[in-house]
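What follows is a single structure, written as structure tokens, with notes after it.
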Amino acid sequence: MPMWFEDFASVSPEAVTTSPARTVTEADVVAFAAWSGDFNPVHTDAVAAAEGPFGERVAHGLLGLSFCLGLMSRTGEIEGSALALLGVDRWTFRAPIRFGDTVHVRATVIDTRLRTNGASGVVRREFRLVNQDDVVTQEGELRFLIRVRPRT
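Numbering follows this note's numbering, with no gaps: position 144 of the sequence shown is 388.
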């Protein structure tokens, strides 16, 4: 069930939405490399990556950000209410996402601002991508343009 701008505006800052989880696979990383064109050996070459800072291949940072958006969409809370992703701010890569990690998102509402047209508003949220060991792998703020509740 979608959340409209008014719903986000009334959410307590302590309220956390947790997404479903997914396991990161080699196929995810290969597909991301193919469509992004990022074939950096740290993601695609097991031998070279073994000598690198993580000791093995890891997922692309932007693949993790993509997982955040996809996993949160699976909650259904912005299905039909989101108009646009307006920005990604203060995004930090805290820990590598390894093949086989199972990740989920914890999201909170930071603030909301109704637009002057009254038809939509900006919702700023903090997203944390967390692995199976409760390690935050990535975090930052995302700004969405969300519709107000339709009048019936």
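Idealized CB from N, CA, C, for every residue including glycine. Just so it is clear, the structure is predicted and the values come from calculations on it, not from any experiment.
Start-to-end residues for the beta strand (DSSP E) that takes in residue i
| i | result |
| --- | --- |
| serine 310 | From DSSP, serine 310 is part of no beta strand (DSSP E) but of the alpha helix (DSSP H) over 305-317. |
| aspartate 333 | 326-337 |
| aspartate 251 | That residue, aspartate 251, is in no beta strand (DSSP E); its alpha helix (DSSP H) goes 249-253. |
Min CB distance residue i to chain B below 8 Å
| i | result |
| --- | --- |
| serine 280 | In the structure shown, chain B cannot be found, because there is only a single protein chain. |
Selection from the options that minimises the alpha carbon distance to residue i
| i | options | result |
| --- | --- | --- |
| arginine 318 | Glu300, Val349, Thr336 | Val349 |
| serine 310 | Ala275, Arg359, Ala253, Gly344 | Ala275 |
| asparagine 375 | Phe252, Val255, Glu250, Thr267 | Thr267 |
| arginine 395 | Gly362, Ala259, Trp335, Pro340 | Gly362 |
| threonine 262 | Gly320, Leu358, Phe337 | Gly320 |
Proximity below 8 Å, CB of residue i to CB of residue j
| i | j | result |
| --- | --- | --- |
| proline 285 | alanine 293 | yes |
| arginine 391 | serine 325 | yes |
| serine 280 | leucine 327 | no |
| proline 257 | threonine 352 | yes |
| valine 380 | arginine 342 | no |
| glutamine 382 | glycine 308 | yes |
| glycine 384 | threonine 346 | no |
Neighbourhood of residue i by C-beta distance below 7 Å, restricted to the same chain and skipping five residues each side
| i | result |
| --- | --- |
| proline 264 | Leu315, Arg318, His348 |
| aspartate 282 | His304 |
| phenylalanine 252 | Val353, Thr356, Val367, Ile390 |
| glutamate 300 | Ala293, Ala294, Arg342 |
Cβ-based neighbour list, residue i, same chain, cut-off 6 Å, excluding 5 preceding and 5 following
| i | result |
| --- | --- |
| valine 355 | Per the sequence shown, residue 355 should be read as aspartate rather than valine. Counting only Cβ-Cβ distances below 6 Å, and skipping sequence neighbours, we find Arg368. |
| cysteine 312 | Val349, Phe371, Leu373 |
| arginine 393 | Trp248, Glu250 |
| valine 273 | His287, Ala303 |
| glycine 331 | Arg387 |
Identified DSSP bridge partners for residue i
| i | result |
| --- | --- |
| glycine 344 | In DSSP, glycine 344 forms no bridge with anything. |
| isoleucine 390 | Ala326, Gly365 |
| glycine 384 | Phe371 |
Unbroken alpha helix (DSSP H) run spanning residue i, endpoints
| i | result |
| --- | --- |
| glutamate 270 | 270-280 |
| threonine 288 | 285-288 |
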